[in-house]
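Below is one structure; the comments refer to it alone.
2 protein chains.
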Amino acid sequence: MRDFRTAAAVRSACRCGELAAPTPGLALGHVQANLAVVPRELAFDFLLFCQRNPKPCPLLDVTEPGDPVPRAVAPDADLRTDLPAYRVFRDGELVDEPTDVTKYWRDDLVAFLLGCSFTFENALLQAGVPVRHVEQNRNVPMYRTDIACRPAGAFRGPMVVSMRPLTPADAIRATTICARFPRAHGTPIHIGDPTAIGIKDISKPDFGEAVDFKPGEVPVFWACGVTPQAVVMSAKPAFAITHKPGHMFLTDLRDTDLEGE
Amino acid sequence: MRDFRTAAAVRSACRCGELAAPTPGLALGHVQANLAVVPRELAFDFLLFCQRNPKPCPLLDVTEPGDPVPRAVAPDADLRTDLPAYRVFRDGELVDEPTDVTKYWRDDLVAFLLGCSFTFENALLQAGVPVRHVEQNRNVPMYRTDIACRPAGAFRGPMVVSMRPLTPADAIRATTICARFPRAHGTPIHIGDPTAIGIKDISKPDFGEAVDFKPGEVPVFWACGVTPQAVVMSAKPAFAITHKPGHMFLTDLRDTDLEGE
């Protein structure tokens, strides 16, 4: 069994084909990132979309056109090989789910790395705030809302949120803790009544799996990193690459590096 | 004398030609913004430069190509008419300093509005932290440093900083206060020895005017909004528009809107 305590070890295992599995729990304490790759001609609009919607789309790094190296967050990495699994889209349709996208790489591709809720979940767990889907060993429940993202060019659509059941007292503690991590979705966007943000049935998430509520708990909603992927897919770009859900990129950043400024 | 207590009143006076003067002190408590306008073909690189250098280049709003309305921060405004004075550049050379840029506007222009130190200076003054250049009724002293910004495409260059003399105790209070305003340059980037960041003579600023030190005060340096303008000018784009220094855009945002997330 390889030692996956460092981000470099995880990336190396991906690169040589040893690791093609989901990344939760790997290199604990290192920032994991969502990946979205679009051609240069769409990159301004997508960057603008992220700038206008920082809670669902917290930017960690953006590469120069054609450059597969995320120089700010992992200067030794190669985004073509260092994730466990990818999704490749043509005209919005999934056409491949490879473990290496070297053969798809082009000189005009721009890669975006976006912060992920794993960062604040680690902080919640360390503070003793329960994270139900971790306790129940399920995927986090995610929902489409009726909160419109601010559009940018071809990119538009509703915000997708993740949900964690908490007591009101823990919801308040979680808000304070998550405020420290604006580049990992930050504070919740809603606490309480799901219908107030357009969610009809909390027991039927649009993505992921439902989780159980304990007495006295209310649903707490955070902006979710699935939002930019959903928005990219609905824009149906001629070509795009993303990570396979749950199969994230391990950066060299520590969770604590995302605190505050 | 017109009432300049609201941002809309200041913009209206600019629009009808009544106001062509610097804006410090106008519509106090409203966020003032730096303006940079570049053609669409350079907009991705400039947006990326701002994303990579958030302390000197805190983005408040970016317009769609050709749209002169900053919809996030002042949906009733027109960036072609609502600033007191502009600078127009061709190939990096200043060619005009008009009070209206309607005749220069093009369908491919993208406008960037960036946060300004007036926001945190108001907060410092309210907290009783002295702001020397305000006391001395001078322009703030600004210096080129040897701190390289992270480049993006054609945009590269050193960080420009502003300087305020403070006692160490006030420097610590100022750091806490400015941490609340990440979109107005946030915390200082350096306290103390100017030579540590490549400044040879503190009495000779590269922009603005020198200010006096009192016994026991040390220089405190903040990332400065002149940085993106200097970087745009040194990239010598075929065409660009900026505000005339000190003649800022008044947004509808309140200083308190920039606190935290």
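Protein sequence lines correspond, in order, to chains R and F.
Residues 1 to 261, numbered by our numbering, are exactly what the first sequence covers, in order.
Residues 1001 to 1261, numbered by our numbering, are exactly what the second sequence covers, in order.
Even for Gly, the Cβ is constructed at its ideal location relative to N, Cα and C.
Since this is a predicted model, take the numbers as computed values, not measurements.
Query: Looking only at its chain, what residues have a beta carbon closer than 8 Å to the beta carbon of K204 of chain R, apart from the 5 residues adjacent to it on each side?; Result: A210
Query: Please classify I172 of chain R as buried or exposed, where buried requires at least 16 neighbouring CB atoms within 10 angstroms.; Result: exposed
Query: Note down, in chain order, every chain R residue with its Cβ under 8 Å from the Cβ of L1124 of chain F.; Result: Neighbours of L1124 of chain F on chain R: none; closest Cβ ~17 Å, over 8 Å.
Query: Give the range of the beta strand (DSSP E) segment to which S1203 of chain F is assigned.; Result: Element bounds for S1203 of chain F: n/a, residue is neither H nor E.
Query: Tell me whether G1115 of chain F is buried or exposed, calling it buried when 16 or more other Cβ atoms sit within 10 Å of its Cβ.; Result: buried
Query: For the alpha helix (DSSP H) containing Q136 of chain R, list its first residue and its last residue.; Result: Counting along the chain, Q136 of chain R falls outside any alpha helix (DSSP H), and DSSP gives it neither H nor E.
Query: So, helix, strand or coil for V1211 of chain F, using DSSP?; Result: coil
Query: How many angstroms separate the CA atom of A33 of chain R from the CA atom of V1037 of chain F?; Result: 32 Å
Query: With distance defined between alpha-carbon atoms, name the residue in F:P1228, F:A1111, F:R1052 and F:D1193 nearest to P1039 of chain F.; Result: F:A1111
Query: Can you confirm whether F49 of chain R, when its beta carbon is compared against all beta carbons of chain F, has any partner nearer than 8 Å?; Result: no
Query: Starting from the C-beta of P1194 of chain F, find all residues in its chain whose C-beta is less than 7 Å away, skip the five residues before and the five after it, and write them out in chain order.; Result: I1202 and P1219
Query: List the residues of chain R whose Cβ lies closer than 8 Å to the Cβ of V1062 of chain F, in chain order.; Result: L48, Q51 and R52
Query: Consider the Cβ of A1238 of chain F: report whether some Cβ of chain R lies at a distance smaller than 8 Å.; Result: no
Query: Taking only runs that begin and end inside the region 97 to 162 of chain R, name each unbroken alpha helix (DSSP H) of 4 or more residues, in chain order.; Result: 118 to 126 and 132 to 135
Query: Should the region 15 to 26 of chain R be called in touch with the region 143 to 151 of chain R, which here means at least 3 C-beta pairs below 8 Å?; Result: no
Query: Excluding the 5 residues flanking G1192 of chain F on each side, which residues of the same chain have their C-beta closer than 8 Å to its C-beta?; Result: V1218 and P1219
Query: Sorted by chain position, which residues of the same chain lie with C-beta nearer than 6 Å to T1048 of chain F's C-beta, five sequence neighbours on each side aside?; Result: Sequence inspection shows Leu at residue 1048 of chain F; the Thr mentioned does not correspond to that position. Around L1048 of chain F: A1152.
Query: Rounding to the nearest angstrom, what Cα-Cα distance links C1057 of chain F and V62 of chain R in this structure?; Result: 16 Å
Query: Give the single residue among R:F120, R:P98 and R:D67 whose Cα lies nearest to the Cα of R254 of chain R.; Result: R:F120
Query: Run the CB neighbour count on A1231 of chain F, radius 10 Å, all protein chains shown included, and call it buried at 16 or more, exposed below.; Result: The displayed chain sequence assigns Val, not Ala, to residue 1231 of chain F. So V1231 of chain F ends up on the buried side.
Query: Name the two residues that bound the continuous alpha helix (DSSP H) containing T176 of chain R.; Result: P168 to A179
Query: Going by other Cβ atoms of all chains shown within 10 Å of its Cβ, with 16 needed for buried, is T1256 of chain F buried or exposed?; Result: exposed
Query: Let me check understanding here. Comparing Cα to Cα, which of F:F1181, F:N1139 and F:P1188 lies closest to D1161 of chain F?; Result: Reading off the sequence shown, one finds Val at residue 1161 of chain F, where the question assumed Asp. That would be F:P1188, whose Cα lies nearest to the Cα of V1161 of chain F.
Query: Which whole-angstrom value describes the C-beta separation of V247 of chain R and P75 of chain R, a residue pair presumed to lie in contact below a C-beta threshold of 8 Å?; Result: Correcting the residue type first, residue 247 of chain R is His in the shown sequence and not Val. That belief does not hold up - the Cβ atoms of H247 of chain R and P75 of chain R are roughly 22 Å apart, past 8 Å.
Query: Run through DSSP, which three-state label would D1252 of chain F get?; Result: strand
Query: Give every residue of the same chain whose Cβ lies closer than 6 Å to the Cβ of D1096 of chain F, excluding the five residues on either side of it in the sequence, and list them in chain order.; Result: V1088
Query: Jot down the residue ranges of each uninterrupted alpha helix (DSSP H) in the region 214 to 251 of chain R, minimum 4 residues, whole runs only, in chain order.; Result: 226 to 235
Query: Helix, strand or coil for I191 of chain R per DSSP?; Result: strand
Query: Could you please give me the residues that DSSP links to E1093 of chain F through a beta bridge?; Result: F:R1090
Query: So is C16 of chain R buried or exposed if we call it buried at 16+ other beta carbons inside 10 Å?; Result: exposed
Query: Counting Cβ pairs, one atom from each stretch, are 3 or more of them under 8 Å apart for the region 1126 to 1134 of chain F and the region 1172 to 1185 of chain F?; Result: yes
Query: Under the rule that 16 or more other beta-carbon atoms within 10 Å means buried, what is P182 of chain R, buried or exposed?; Result: buried
Query: The region 135 to 158 of chain R: which residues have C-beta closer than 8 Å to a C-beta of chain F, in chain order?; Result: R150, A152 and G153
Query: Could you tell me which of R:A123, R:C14, R:D252 and R:D212 sits nearest to N137 of chain R, measuring between CA atoms?; Result: R:D212
Query: Beta-carbon within less than 7 Å of I1199 of chain F's beta-carbon, same chain only, minus the 5 sequence neighbours each way: which residues are those?; Result: Y1143 and T1145
Query: What does L1079 of chain F reach in chain R if we use C-beta pairs closer than 8 Å?; Result: Residues of chain R passing the Cβ test: none, with the nearest at roughly 16 Å.
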